[in-house]
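Protein chains: 2
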Amino acid sequence: MLRDRFSQYVAPLLSQDEWLVVEEAFDPKENLAKEAIFGLTNGRMGSRGSHVEGDVRFNQTLPANYVHGVFDRSEAFMRELCNTPDWTKLRLTFLTEPIGVCSGEVRDYIRVLDMHNGLTAKHYIMRSDNGNETRVEVVKLLSRAHPRAGFIRMYVTPLNYEGMLEIENVIDATVTNFQDMPRFRVKHLRTLEVSDLRGLGCYVESETRDQKLPIGTGCVLRIHTPEGENALSSRNFRPYGEVACEFADTHVVPGKTVVIDKYAAVATGRDTDSVSAQVYREIEAITTRGFEAELAMHMDCVHRLWEQAEVRIEGDAELDHAVRFNIFHLMNTPDPLDNRVNIGAKLLHGEEYGGHAFWDTELFVLPFFDYVFPDIARKLAEYRYLLLDKALENARDNGYEGAKYPWESADTGEEECPSWTIEYDGSCYRCYVADYEHHVTADIAYGLKHYVDITGDDAFMKDMGAEILLQTARFWSSRMTWNEEKQHYEILGVTGPDEWHEPVDNNAYTNHLARWNILTAIGLYRTYQQENPELARRLADKLRLTEPELARWQQRADKVFLQAERGLIEQFDGYFDIPDAVITEWDENGMPKTPEACVGKRGLERCMLKQADVVMLMFLLPEVYDKETQFINFDYYEQRTMHRSSLSPSIHCMVGLNVGDAKRAYAYLERSAYVDIHNNQRNTREGIHAASAGGTWQCITLGYCGMRVDSDGVLAFEPRLPERWTKVTFRIRHKDQLLHVTVTHDGVEVSGDYAPICYRVNGAEKMSEVRA
Amino acid sequence: MLRDRFSQYVAPLLSQDEWLVVEEAFDPKENLAKEAIFGLTNGRMGSRGSHVEGDVRFNQTLPANYVHGVFDRSEAFMRELCNTPDWTKLRLTFLTEPIGVCSGEVRDYIRVLDMHNGLTAKHYIMRSDNGNETRVEVVKLLSRAHPRAGFIRMYVTPLNYEGMLEIENVIDATVTNFQDMPRFRVKHLRTLEVSDLRGLGCYVESETRDQKLPIGTGCVLRIHTPEGENALSSRNFRPYGEVACEFADTHVVPGKTVVIDKYAAVATGRDTDSVSAQVYREIEAITTRGFEAELAMHMDCVHRLWEQAEVRIEGDAELDHAVRFNIFHLMNTPDPLDNRVNIGAKLLHGEEYGGHAFWDTELFVLPFFDYVFPDIARKLAEYRYLLLDKALENARDNGYEGAKYPWESADTGEEECPSWTIEYDGSCYRCYVADYEHHVTADIAYGLKHYVDITGDDAFMKDMGAEILLQTARFWSSRMTWNEEKQHYEILGVTGPDEWHEPVDNNAYTNHLARWNILTAIGLYRTYQQENPELARRLADKLRLTEPELARWQQRADKVFLQAERGLIEQFDGYFDIPDAVITEWDENGMPKTPEACVGKRGLERCMLKQADVVMLMFLLPEVYDKETQFINFDYYEQRTMHRSSLSPSIHCMVGLNVGDAKRAYAYLERSAYVDIHNNQRNTREGIHAASAGGTWQCITLGYCGMRVDSDGVLAFEPRLPERWTKVTFRIRHKDQLLHVTVTHDGVEVSGDYAPICYRVNGAEKMSEVRA
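Now the structure itself:
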């Protein structure tokens, strides 16, 4: 077992191998990706897996600690999730020699992410230039029990020397975003105070530069023997500009382990008027309870999350493991208590996309929460409602009616996607996605409607969702233009999910989703008119909604151009006029190679797709095309899709299953599941792909197990397990109970906590078991 | 020639090999010492030779920039010369890959210190991980023409790639003292402003934390082709907390060189009310004149210094080179215009000893300036007069009369040597040197008296020196106690130069120097009484000096215990009672090994000496012992001296010569001359040994060439060149003209600028030539 490679102190804290993600050697070239893979989040903040001892070359590490909702723009070209003061640093020095993974010769290195217990642990023996050998073990966690708190425990054992070990408990507020990219590097925080935390340790108070949101970070040290006896020799506080340091030392002797605990607390002005007081109270509380108690409370919380979220696939152990990896990062990211924050496209694990929410949330991530953590899904849904006013403004500013959601959304709901960006090679380009990628508005409406369908949270729909559906429908109505010649409505000048073709007219995906949005909104309103006329009146009043307007919407939805109904669907007007080519070669990672004919071609010149709009459409609205049409289109577009978006593979898996192409489906499942754990897009350094994580979960549960909630609210399954899988088990929260679902080649078994419920398997109704 | 290894741009800026100190490869383990060796000073500030591109592991570099007189204590245990904002950083990045000596595979590396031109230059070709190859050349200088200005020029040539090179002109104010020693690390400056220098570039304003002395640092970039055409693509200013950054980029193509010039200016509140205005003006001036003009002006200044300071030894090229190395750093360190600053024991090249002045200045360093740069010597002499009041206070506070100079002196003249210090292994100890090492007061008196004797600056003596001599004499008188039993005065409880025995009674060195101090002061006063009675009266009035007090001094000087007059002199009372041992083994560097009998013994238990007091005494006061006694003592103590002070070898060289031991003398000369250029004490990382540098110059001129100024003011020589030397030439400024001195085995030739002067060679008078 991997845990046997740790000392007797750390091994008992670790789970069995199947729960561990392992790094067997420190490789500077892979470290940036490993910092994302070994990143920890606790629903409120995130901390990348940078080595806490420091001393890693500056462009081989991007230490980052994020707190949900802490955004700033300053010199950046968008409001970014800020890199907040690094509370994780805990430096060791012996006679001017630092101790760390880059500081000497390292052997017996192992680092694990223990997904079951929600912590990282590492072990190594390091020989410094002066011949001193030290065994170092580090355990790190961000508490799920006390989400303002983080903990680092170090077991340090000198193997062949004696003397004073110097320890620095550091809070480093010099951090920036995009540290290794000079062109983009921005420091988002101003440091207001560097102090000793009323004598307890060290403290930094910062504020964002634009909106002056305060952030307090406090840390204290405890140094003791494994038996708990104090081993501190001396300590004092040192201010180093924007770096707060609690210096301490301890006398070490060969073979004797010392334990160094770092307790950290982070507060922001988002939830207190005095961040310093909150940090102080939190530090007092966590140090009083102590590391062991805090660890136990944290693990208990994580175990309870897994009780809901665990997925098991028997028959493909590596995939089984990777699926858990995706779920681990996904389930720990959103704040279960805060509806003012969402989930960034790279979770809280990296700085790309500024921590902004995209359509990834509603279409890729939300279904997981709908089924597994509906309370969190509710918060994510509320987030869009809270920013509805800004979406109304956004539509108005762009000359439309209703609500137009921004392509990228941070805390204010303003469009965060910049109009101009600079590539990291220095070239500037006009970025049109905010101008054209309007489908996000329909995607959000779609996601929220399905949230209600899956969870049965009609209250949300009444209180918030209906307004969103109606205002987005109103947007789409205003977005259409009448083509007198062709006698239909069109949506001109948009970009679909396939961003390589922009702008285009009558994008199949957008037109269909817009129509769906309008019809769904009208349908909902008509239902309310019948079943809850008071609510319907209230909505009409609030939205100044009139029957003539509804009629206008209906007319536009009815007459919007929908390309063909059968056969090959043209992704947008004129796509088939582009010289055709198909993919015939793949690289060593299985990624398609650009066909010769397309090399050097850009934008509308090439038929190659970044991701396939029609395939995505068939995934979301499977009812619009018959099976044969779906197969024709999947087969056609799959040969022209480069999958340069991590959103693409999971959709191709599920649509592949729908059209009966199990082989390609499985390959796409693997591509989706392994994107980060294998860093197979080489961009995991930027964070964990939220859409892949959510998409992977969907592939297993909605795809292979064929789960859905039928239109009458009944849970239904149409499983189509691959031959090699013998069993899939997972859990969902449905109708207020936790259901255990077991899918085998023989059928589907569902068991719940108390009352039996009805479910369907391939159309046949069954009753769930009640567990003892 | 070494310069042929540079490009056509840099080669013409470099001198012939004999003027170059060379580093052939970047060795991280040697880098800290190389930062001192390649450090530059310009009489006002110093900048260690850290690699300006950055990216060197944090404990393998101690970037430091010092400005004379900028001291601060804060959490340190003494006021230290502050590490001021690092204006030298100039970072290059191409597609996230930094370019620098540690950032990839480096070949063709060469770095030189060009002592003749006063600059450093380096050349290397670096291959980054992505295969890009870049030739980098860097020239750096601190202007001697405009001592607030520094310049860095980079020639950057991509060899095999094209694109946007990112350049960061950085001022880094996060710097600390003792960066790699957590226990001692202190940040002495508070950052007040990080701005864009009125749009010109970047600017940091700092202040010392204790006394709030402002320091302004400004830097601007110019990017152009070698032909001078602007090559800047874009630039903007970025504030990163305490780091100011001017970001710029330039489009580079293979084989085409771009030139990046960094202009820097540093101002302090020591000489202006508005540091920002002064920095701005200076930057305007130096950028207007441009790099080439500034380089020419700087080189002209350095060449003029060498016209005075050059020493040539024919017959030992390596020594010849090392002597120039010592002179280079020594002559560039003191401020020729500022009598409020002195010379630190490690020059301006490192942080050890806090930049404090010790007795090293008066006894080791001052003679070089007395003979070569008497104007500078005058400033150094004035420094002690300016701090005489504090020395009076220091005596009073310690229960003595007169003036007691501090063991370590910074800007205020207070004792800066701490009573308690901590070793870097964490152990605390009571440091007694300030309590006991009183000889510094006599050393200063001695040095100043010899300054006047050598330079003939009687005005200094009248205006300042006499007061110092009298007040230090008064101190020594009060420092003596009467031993009724032995019927003599004693000086009890002192430490001599040999700090391994503390405290001791009747230290031979101290007793003799104290007596010399008193007698010299009385002698001077009596002379003034005869020749300048008004001055004598004025002194008596100011110092409340009475004849009874003078008589008391005389009595004490006459009756102070002086050990033996002949034969073996006991270093202090009881030294001969310590069990004896002699050195019989030397390590591979020629350093003595501790004899078995002394291993583990400390302090007064062991006869081994750190440096030899009696030998030092014989150097300073050669007249007190006859030649035979001198030989006996040199021979005896030399066998018991471990030379753990860098002050020891040069003295042993000169006394060795005096007693006729030419062989040992030469070995000591080499030890002194090579201490830093060979880093043979392994502590050159801490700075350049001022005392070795000055002592080495003394060995050549006063030792081998036997130069002195006779009591009647006539320049005299008693040369004793080693067999292998064929000729020594050097220059001194004497009686207002620059004299060229040529010493061969055949005699001594002196030539001057205009009037012939009389000089003596082995007692025979000669007249100097007048050069055409």
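For the record, the sequence lines run as chains H and G.
Position 408 of the first sequence, counting from 1, maps to 399 under the numbering used here, and the rest follow consecutively.
Position 732 of the second sequence, counting from 1, maps to 723 under the numbering used here, and the rest follow consecutively.
Every residue gets a Cβ at the ideal spot worked out from N, C-alpha and C, and that includes glycine.
If you drop the 5 nearest sequence neighbours on each side, which residues of the same chain put their C-beta closer than 7 Å to that of residue i?
i: H/L559; result: I623, N624, Y627
i: G/T403; result: K381
i: H/D449; result: V443
Chain G partners of residue i, CB-CB under 9 Å?
i: H/N151; result: Those within 9 Å of H/N151 in chain G number zero; the least Cβ separation is about 16 Å.
i: H/T403; result: Ordered by position in chain G, no residue passes the 9 Å Cβ test against H/T403, which lies about 24 Å from the chain.
i: H/F49; result: G45, D46, P89
Excluding sequence positions up to five away, which residues of its chain have a Cβ less than 6 Å from the Cβ of residue i?
i: G/N56; result: S38, T75, D77
i: H/D326; result: G34, R35, H59, V332
i: H/F29; result: G40, L104, T111
i: G/P138; result: N33, G34, R35
i: G/E342; result: N168
i: G/K533; result: none
i: G/N474; result: E481
i: G/E493; result: Y423, Y427, T486
i: H/A255; result: W78, G141, C210
Output, in chain order, the set of chain H residues within a Cβ distance shorter than 7 Å of residue i.
i: G/R597; result: Within chain H, no residue comes near G/R597; the closest Cβ sits about 24 Å away, beyond 7 Å.
i: G/D171; result: T87
Rounding to the nearest angstrom, what Cα-Cα distance links residue i and residue j in this structure?
i: G/C193; j: H/S265; result: 35 Å
i: H/F85; j: G/D416; result: 8 Å
i: G/N498; j: G/E399; result: 21 Å
i: G/F552; j: G/L638; result: 26 Å
i: G/G456; j: G/L536; result: 16 Å
i: H/M288; j: H/A433; result: 41 Å
i: H/K253; j: G/T486; result: 46 Å
i: G/I251; j: G/E96; result: 22 Å
i: G/E476; j: H/A239; result: 54 Å
For my contact list, residue i and residue j are in at a C-beta cut-off of 8 Å; report their separation, rounded to the angstrom.
i: G/R543; j: G/S468; result: 6 Å
i: G/S224; j: G/H242; result: 6 Å
i: G/R662; j: G/P640; result: 4 Å
i: H/G694; j: H/M645; result: 4 Å
i: H/V734; j: H/L712; result: 6 Å
i: G/A313; j: G/I642; result: Wrong, their Cβ atoms sit about 18 Å apart, outside the cutoff.
Against residue i, what residues of chain H qualify as contacts under a CB-to-CB distance less than 8 Å, listed in chain order?
i: G/P230; result: K178
i: G/T167; result: Y231
Which residues does DSSP pair with residue i in a beta bridge?
i: H/E153; result: In the DSSP output, where bridge partners are listed per residue, H/E153 has none listed.
i: G/V243; result: G/G154
i: H/A499; result: DSSP output for H/A499 lists no bridge partner at all.
Mind pulling the chain G residues with CB within less than 7 Å of residue i?
i: H/E159; result: P173
Go through its chain and collect everything with a Cβ distance to residue i's Cβ below 8 Å, but skip five positions before and after it.
i: G/F175; result: A67, N168, F169, I413, Y415
i: G/N523; result: K453
Please list the partners that residue i has in chain H, where partner means a Cβ-to-Cβ separation under 9 Å.
i: G/M607; result: Ordered by position in chain H, no residue passes the 9 Å Cβ test against G/M607, which lies about 32 Å from the chain.
Using 8 Å as the cut-off, classify the Cβ of residue i as near or not near the heavy atoms of the ligand GDP, replying yes or no.
i: G/A746; result: In the structure on display, the ligand GDP does not appear, and there are no ligands present to speak of.
Under 8 Å between beta-carbons, which chain G residues line up against residue i? List them in chain order, please.
i: H/T32; result: Simply none; closest approach about 25 Å.
i: H/G154; result: D416, G417
i: H/D240; result: R174, G417
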